[in-house]
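Protein chains in written order, with our numbering: chain G, 1262 to 1583; chain B, 119 to 527; chain L, 7 to 298. Glycine included, C-beta positions come from ideal geometry on N, C-alpha and C.
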Amino acid sequence: MTFSLKTILLILLGLLIAILAPFGISSKFQLDVLTLIFFTAYIGQSWNILGGYAGQFSFGGVMFFGTGAYTSSILLTSFGVPPIIGIFAAIFMGAFLGLIVGYLSFRSGLRGSYFALITLAFAELLRVLANSVEFTGGGVGLFLTYAPGLHNLQFNSPTGFYYFSLILLVISLAIAMWLERSRFGAQIVAIRENEDAAEALGIDTLKCKIYAIMIMGGMGGAAGTFYAQKYLYIDPPIAYSIALSVEMLLVTIVGGMGTVFGPLIGSFFLHIVNEFARHFIDTPGVSLIVYGFILILIISFLPNGLVGLFDRVRKKKDDNDA
Amino acid sequence: MTKSQKLFASSRRQFIGRASATFALASAGLSIPHIAKAAGAVKIGLIHPATGWAAYPAAQLRYGAQMAIADINAAGGIKSMGGAPVEAMLGDSQAKPEIGAAEVEKMNEAGVNAIQGCYQSAVGLAASATAAKYNIPFSVDVGVSDKLVQRDLPNVFRMADGYGRIASDASINLAEINKAAGSPAKTVAIVHEESEFGTGTAKLVTQALAEHGLTVIETIKHANPTRNFDNIALRLKAAKPDIIMPINYPGEYVLLAKTLRQQRVDFMASYSVLGGGFNFKFVEEMPQIAENMIDVNHWYNPSSASGQAMRKRTEADGKYFTFEVYCAYMSILFLVDGFERAGSTDKEAVNAALASSTLSVDFMPYGQTKMVNGQNMGSRAVAIQAQKGDVQIIAPSSYATATAIFPRS
Amino acid sequence: MFSDVLSLLPAGIINGLMFGAIYALVALGLTLIYGVLHIINFAHGAMLMLAMYMAYFLFKILNIDPYVAILIVTPISFVFGYTIYRWGIGKLSGGRDQNILLITLGLSIILENSALVFFTGDQQTISLPYSYEAFDLGFLYLSYPKVISFVASLVICLLLWMLMTLTDLGKAIRAVAKQREGARLVGIDVEHVFAITFGIGVACLGAAGCMLLPIFYVDPYTGNIFVIVAFTIVVLGGMGSIVGALLGGFIIGITESVGGLILGESLGQVGISLIFILILIFKPTGIFGSKV
């Protein structure tokens, strides 16, 4: 992204709108929907770092989310550590897990679908373990008490969680923007385009990929704490659900992989499609059938994701100007 | 465009897109409520997992609730409110706590007066907690976790048993059945699924059984889902318990029963607690397996005229008469009785009326309603047995429609 | 307690073997699709579910035994698979991995929810007249359906192996798998071969569905229960290897069974994930896969 004056102004405008939104929106439900949209965009961005920019697709992204959720929740319920501190432990554990998984997988030279599958296997492994171990609450899960307060990262109104998710979102956008302007970002993109050539150019591909997955892991960890503090209950099927792994890659691919705003656009689009379909169709399942068709249509006509739409518009303009 | 611009596809226009999307959401309104079809209608929200692995129970719950609402309206609506009709607002929780909670927010803004749900306790917990913020009366139609009624929330109620009371009812009933047969059974083996439903119930039942002189010699936890019960059947065979007690969901329940038969495992009785798969359909479709199996569960009172009529109606509609149907019906009756006695939709008044409810539900084997901390103390789970292709209540004796065949023939 | 487990071990191993053959059949379709087309098919589970429903309705309405129904379901599945690939996935994806992923994902959502709308979410089981007859091995009863499924799986694997090694079609498929462009240059209609392979993969699912129905149950979501295991087997056995899928199925079946005996049915599942991870780290091409 180039930071022309126009761009910066647009970014600030968007941010201003987002910050002021709760004052203009009286509906708590809509704030809640926006919160979920931001949350999904955030966690999609974490997938984007490794999948979109570095080109390493993962099917097990939920493992960072679940591990983060358990970390801060166990610290809270067993040791009384307030989540405002616990969230950093969650980030650390997420990144640490990323380090382990990254090292084991990348060191063995796993690429492409093999890498995607091993992340799935790790996520499954963690789910089974979480089910069997006492300190995670086993299959029963962990119940958190309702106690609003900043130190608990709990808020008694949707507005509080809205801002929490907005902060996470902004951080994730900043990370992506930094990536696009940094040398590290250029390196992982080079790896994505042609890993062997990158290696030949002197890039330490192993290190770069591991750093990328650690960033993904750290981000995922924070997401886990957010969820745990908002819904006050986690168990292995929630913490390590394949559905979330799929959702994070879905919003990113639909929105546009390897772009700063891809996950956000994808998240908005998919949530809106889902809500509208459900609103007009009462029979359970029919709205999801429509959703499935829309997915297929989008990716058939916009293989670069929704971002591709904007590119086409600009390309037309450029063509006209030329 | 420079190479770097190509690689990082510029997304300037996306700001505009993002801003407009936010505006569009804010102004156009995502939460266009289901418009009330009648002025002054009392709106009851129904939140169930209409899509996902629990879609069938959800469909049954919706059916039962909507049947009740139709009946109430046909009888003249809520009399103390000038005959105000009742109207359902449908919500799909998608089996996710976060969506269940969001549905409550949506319904609240659409002016919902009470909410009923959610089948999965995790969803029920999230949804009822959200409802508590607005003091919306919340009735748990099906949801067995006792945590639902242990949070001191003045707006949450449950007419049916939770696993605490069911565990205790199950043990009392088993002791009664055992005694009537000369107490041949001494040992029990529990096979339960791994989540809170199975694990929580198993723990409480083990304690309750001990108080009645029955020992649990083997507790086998299994995954959700489980593909294959052969080894569990073999372990049970080796342990030789007098009674096998499954606590799991429908798919696994039936699979286990079939496998026990295939492996010729011998036991005096299969006595399940909250057996997910025990219902009329199971007994009709798998008579050789189901014969003489016993379950302790929510069940209707077959000796009541209203219960028999409801069953006929449900089956005439091409549906099986599962517990979801009458538990949902009962929950609607409970809520409507609250509105009736409060004379308005004022939340404080309705919650107070619900807390002091003395409703008698003719088609359930319950005593008079008595709410303590949101749990109905008049509720009761009965022991039912498959006998000759039909289902009979065998305990407690006050509601029994047949004698128990124990040990099984 | 451990001696108890030890005494159940022989039965556990045989149980694992029997169920492993079914796993292998589900994995067979996947290994072909993954090995030849190099695509991860998110809709694999949904297609297995449809096959099971097909077998279910054939049984309920026309009283056709599921093992006989294989002869009907398999060809229909083949046609379904061929069509979906030729005029769906192949055309729409433009060959990009992430697009294929999303298209198969969309497909699985459509199939699952269509099943929900038309068949309801209610679980369906069937009982055959011989469901509870069994061979008595003394320490274990082998029910007839399990044995029939086991034998049928082996037969289908054998037939498929013969197809792949002895026929021209098989040679074409293997050529396309190894060298896509080279095969095209030699005159092989690559898109057609891809579609046929996809069709064969789905046909295997058709057979697997018929064999699963008598020993399991079906609802719109049951397909997914077997897919993760199938992926493990595909990787374990080697992408594209039929013998690998069979052997992998046995290994995973036994691991799951013995793991369940020793660690309990809940934790016992860990064996599958561990094998998956270890194979990927140490020999990602699998037992019978060639060196990358």
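Other residues of its chain near residue i: CB distance less than 6 Å, five sequence neighbours each side excluded
i	result
B/S246	F256, V274
L/Q129	Y223, D225
Contact set between residue i and chain G, taken where Cβ atoms lie within less than 8 Å
i	result
L/R92	Under the 8 Å cutoff, chain G gives no residues; its nearest Cβ is about 15 Å from L/R92.
B/A240	G1402, Y1494, D1496, I1499
B/D210	R1539, P1545
L/S279	A1382, F1383, E1385, L1386, V1389
Same chain, Cβ closer than 7 Å to residue i, five either side skipped, listed in chain order
i	result
G/I1286	L1292
G/P1524	A1302, G1305, Q1306, N1309, V1512, T1513, G1516
Residues sharing a beta bridge with residue i, DSSP
i	result
G/M1477	Answer by DSSP bridge pairing: none, since G/M1477 is not bridged.
B/S388	B/I362
B/R276	B/V258, B/Q493
L/G130	Sequence check: residue 130 of chain L is Gln here, not Gly. Answer by DSSP bridge pairing, in chain order: L/V224.
G/F1404	G/Y1494
Residue burial classification, residue i (beta-carbon count within 10 angstroms, cutoff 16)
i	result
L/M168	exposed
B/Q212	buried
B/G229	exposed
B/P203	buried
B/Q325	exposed
G/S1506	buried
B/G194	exposed
B/A146	In this prediction, B/A146 has a pLDDT of 40, which is less than 50 and means its spatial position is unreliable; nothing more can be read from the coordinates.
B/S515	exposed
Neighbourhood of residue i by C-beta distance below 8 Å, restricted to the same chain and skipping five residues each side
i	result
G/A1451	A1458, A1459, L1462, I1464
L/E139	S149, Y150
B/G461	S198, M199, A467
L/L23	F156, F256, G259, I260
G/L1371	I1379
Any non-hydrogen atom of the ligand SAH within 7 Å of residue i CB
i	result
B/S388	The ligand SAH is not part of this structure, which contains no ligands at all.
CB contact below 8 Å: residue i versus chain L
i	result
G/G1546	yes
G/F1554	yes
B/K339	yes
B/L374	no
G/F1383	yes
B/W417	no
Closer than 8 Å to chain D by CB, residue i
i	result
B/P368	The structure shown contains no chain D; the protein chains it does contain are G, B and L.
Cutoff 8 Å: residue i Cβ touching any chain B Cβ
i	result
L/T126	yes
G/S1426	no
G/M1527	What sits at residue 1527 of chain G in the sequence shown is Gly, not Met. Answer no: the Cβ-Cβ gap between G/G1527 and chain B never drops below 8 Å.
L/Q129	yes
L/F222	yes
G/L1549	yes
G/R1539	yes
L/Y62	no
G/Y1375	no
G/G1410	no
G/L1297	yes
L/I231	yes
Proximal chain G residues relative to residue i, where beta-carbon distance stays under 9 Å
i	result
B/P215	Y1492, L1493, Y1494, I1499
Chain G within 8 Å of residue i, Cβ atoms only
i	result
B/T317	yes
L/R102	yes
B/L266	no
L/S120	yes
Neighbouring residues, chain L, relative to residue i (Cβ below 9 Å)
i	result
B/I350	G266, E271
G/V1507	F48, L111
Where residue i meets chain L, residues with beta-carbon distance less than 8 Å
i	result
B/N346	N21, F25, E262, S263
7 Å Cβ cut-off: residues of chain B touching residue i
i	result
G/S1319	The contacting residues do not exist; G/S1319 stays about 21 Å from chain B at best.
G/Y1407	A247
Contacts that residue i makes with chain B (C-beta to C-beta distance below 9 Å)
i	result
G/N1455	Residues of chain B passing the Cβ test: none, with the nearest at roughly 12 Å.
Chain L contact residues for residue i, given Cβ-Cβ distances below 7 Å
i	result
G/P1524	None at all; the shortest Cβ gap to chain L is about 14 Å.
Chain-ordered neighbours of residue i on chain G, where CB pairs are closer than 7 Å
i	result
B/L243	Y1494
B/T169	P1545, G1546, L1549
Contacts that residue i makes with chain B (C-beta to C-beta distance below 8 Å)
i	result
G/G1399	E312, T317
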